[in-house]
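**Student:** The structure that follows is given in the form of structure tokens.
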Amino acid sequence: MLKRLCLLAVSVCAIAAAPVVANAYPMFTPSACSWHVIPSPNGVADGNDLYAVTAISPTDAWAGGYYVMGGIDQPLFEHWNGTAWTVVVGPNPGYSFIYSMTAIATNDVWAVGAAFDPVHGVYQNLSEHWNGSVWSIVGVPNNGFVNNFLYGVGATSSSDVLIVGAYAATSSVRKTQVGSWNQAGGSWLLGPGPDKGSGTNVLTAVAPITATNAWAVGVYSVGTTPQTLAEHYNGTKWKVVATPDVNSSNNLLNAIAAVSARDVWAVGDYYNGSIFQTLVENYNGTAWSIVPSPSMGTESTAVFAAAAVTKTDVWAGGEANGTTFGSPFSMNWNGTSWAVVSTPSVGSNDSWINGMAKVPGTKNVWSVGGTSNPDHSIHQTMILEFHC
Numbered sequence: 352m353l354k355r356l357c358l359l360a361v362s363v364c365a366i367a368a369a370p371v372v373a374n375a376y377p378m379f380t381p382s383a384c385s386w387h388v389i390p391s392p393n394g395v396a397d398g399n400d401l402y403a404v405t406a407i408s409p410t411d412a413w414a415g416g417y418y419v420m421g422g423i424d425q426p427l428f429e430h431w432n433g434t435a436w437t438v439v440v441g442p443n444p445g446y447s448f449i450y451s452m453t454a455i456a457t458n459d460v461w462a463v464g465a466a467f468d469p470v471h472g473v474y475q476n477l478s479e480h481w482n483g484s485v486w487s488i489v490g491v492p493n494n495g496f497v498n499n500f501l502y503g504v505g506a507t508s509s510s511d512v513l514i515v516g517a518y519a520a521t522s523s524v525r526k527t528q529v530g531s532w533n534q535a536g537g538s539w540l541l542g543p544g545p546d547k548g549s550g551t552n553v554l555t556a557v558a559p560i561t562a563t564n565a566w567a568v569g570v571y572s573v574g575t576t577p578q579t580l581a582e583h584y585n586g587t588k589w590k591v592v593a594t595p596d597v598n599s600s601n602n603l604l605n606a607i608a609a610v611s612a613r614d615v616w617a618v619g620d621y622y623n624g625s626i627f628q629t630l631v632e633n634y635n636g637t638a639w640s641i642v643p644s645p646s647m648g649t650e651s652t653a654v655f656a657a658a659a660v661t662k663t664d665v666w667a668g669g670e671a672n673g674t675t676f677g678s679p680f681s682m683n684w685n686g687t688s689w690a691v692v693s694t695p696s697v698g699s700n701d702s703w704i705n706g707m708a709k710v711p712g713t714k715n716v717w718s719v720g721g722t723s724n725p726d727h728s729i730h731q732t733m734i735l736e737f738h739c
């Protein structure tokens, strides 16, 4: 079960698995450092997935996603106290998902996604806030009574919180939406963002560096084909910035992580005509460029998550989809090159990584996602931690 959001009017959700000539890929040598499966609870027995994770400290982290109860998707929140993950009850607006989270402090955590509006028959933007005691829904504007989705949230302080996503401009075209938290007024400001071309544009992730410097990435369509999209925020407005593509086929940027203003990483995948392979781009303060990255040979490899620890320690994760089952995929940047990192699966069936986050003050990294049984009738959460 890949976290491939159907971003365009024509779905690009499928991951092909046609064989190609195998390529050699470097393997990360972690010494005593490795990924470890950390037990994680579920909201229900058979329908759970985690999309996002964020950490305040080694003893304080959050994960979010959804679980299905009575046929209704509901927000799923889980908290790490340094010893164990536990489910924390949050408000349920019905048919809703958490796609992204960001933590500013123990009593200041944001989660965003979408919730179904039964009156108008569409999805609307959703934001929830943790104040240290409870989760509560915080109203967020929408671009009309059409489908609105928030896919990314990021912050550098309580007064510098950004959200990005997309809304349905027409029945077949989606456009970007961007917003910010107005601390003084205690409310969200949101509206359409800039777009590239006249087709679909979607922002999937955001990485604020300072209050006047932030990046967001996603895709825009050339006809029905997705190509990479990056936008920069200067504290006042957003603008589209050129990004390269590997080819004229599907190229997607799904996640972003910033080391500094002159070292920003965007990750995703591209279709080479037979399978999907990893796509990594770096912004050096002047321009975006493609950085060589490994894929898992003949397996389609999709990347959905990123986390930056230092300039010589950057992570990306997703899923390598074999002929039978998919398995978690991760790779690491050591300051010189990207290398595949051995990543454990949970069980013998599909497992995948949807989100990543560094643990402040350490070299540790959290990854969250899910696992399923052979026919995908049962989904359960999966949490991994890379530590030494």
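What the sequence shown shows, in this note's numbering, is residues 352 to 739, in sequence order.
The C-beta atom is built at its ideal place from N, Cα and C for all residues, glycine as well.
Computed from a predicted model, the values in this text were never measured in an experiment.
1. Just how far apart, CA to CA, sit residue 572 and residue 488?
2. Can you tell me which of 647, 467, 587 and 606 puts its alpha carbon nearest to the alpha carbon of residue 511?
3. Excluding five sequence neighbours on each side, which residues of the same chain lie with their C-beta closer than 6 Å to the C-beta of residue 415?
4. How about residue 644 and residue 626: are their beta carbons less than 8 Å apart?
5. Would you report the Cα separation of residue 460 and residue 454, rounded to the nearest angstrom?
6. To the nearest angstrom, how far is it from the Cα of residue 467 to the Cα of residue 499?
7. Is residue 650 helix, strand or coil by DSSP?
8. Pop quiz: residue 695 and residue 735 are said to be a contact at Cβ under 8 Å. What is the actual Cβ separation, rounded to whole angstroms?
9. Can you tell which of 693, 671, 659 and 670 has its C-alpha closest to the C-alpha of residue 685?
10. Taking all protein chains shown into account, do 16 or more other C-beta atoms lie within 10 angstroms of the C-beta of residue 425, making it buried, or fewer, making it exposed?
11. Locate the beta strand (DSSP E) running through residue 560, then write down its first and last residues.
12. What residue from 731, 385 and 513 has the CA that sits closest to residue 697's CA?
13. What ranges does the beta strand (DSSP E) occupy inside the region 613-670, keeping only unbroken runs of at least 3 residues that lie completely in it?
14. Which term fits residue 373, buried or exposed, when burial requires 16 or more other beta carbons within 10 angstroms of its beta carbon?
15. Suppose you measure from the CA of residue 726 to the CA of residue 673; what does that come to, to the nearest Å?
16. Measuring alpha carbon to alpha carbon, tell me which of 713, 589 and 391 ends up nearest residue 544.
17. Determine the direct distance from the alpha carbon of residue 683 to that of residue 662, and round the result to whole angstroms.
18. Does the beta-carbon distance from residue 556 to residue 502 come in below 8 Å?
19. Take residue 722 and list the residues in its own chain whose beta-carbon comes closer than 6 Å to its own, dropping the five residues that flank it on each side.
20. Could you name each continuous beta strand (DSSP E) segment of 3 residues or more that falls completely within the region 440-519, going from the start of the chain to the end?
21. What is the DSSP secondary structure of residue 675, reduced to helix, strand or coil?
**Tutor:** Quick look at the numbers:
1. 33 Å
2. 587
3. 403, 428, 449, 452 and 462
4. Going by C-beta atoms, residue 644 is not nearer than 8 Å to residue 626.
5. 4 Å
6. Across the structure, residue 467 and residue 499 are spaced so that their CA atoms are roughly 10 Å apart.
7. Here residue 650 sits in coil by DSSP.
8. Confirmed, about 7 Å.
9. 659
10. Buried.
11. 552-561
12. 731
13. 614-622, 627-634, 639-641 and 651-661
14. Model confidence at residue 373 stands at a pLDDT of 29, short of 50, so the residue's coordinates are unreliable; what they give is reported in the following sentence. Exposed.
15. 15 Å
16. 589
17. Distance between the alpha carbons of residue 662 and residue 683: 11 Å.
18. yes
19. The beta carbon of residue 722 sits closer than 6 Å to the beta carbons of 697, 698, 702, 731 and 733 from its chain, once the five residues preceding and following it are set aside; these are given in chain order.
20. Listed in chain order, they are 447-456, 459-468, 473-481, 486-488, 499-508 and 511-519.
21. Residue 675 sits in coil when the DSSP states are folded into three classes, being neither helix nor strand.
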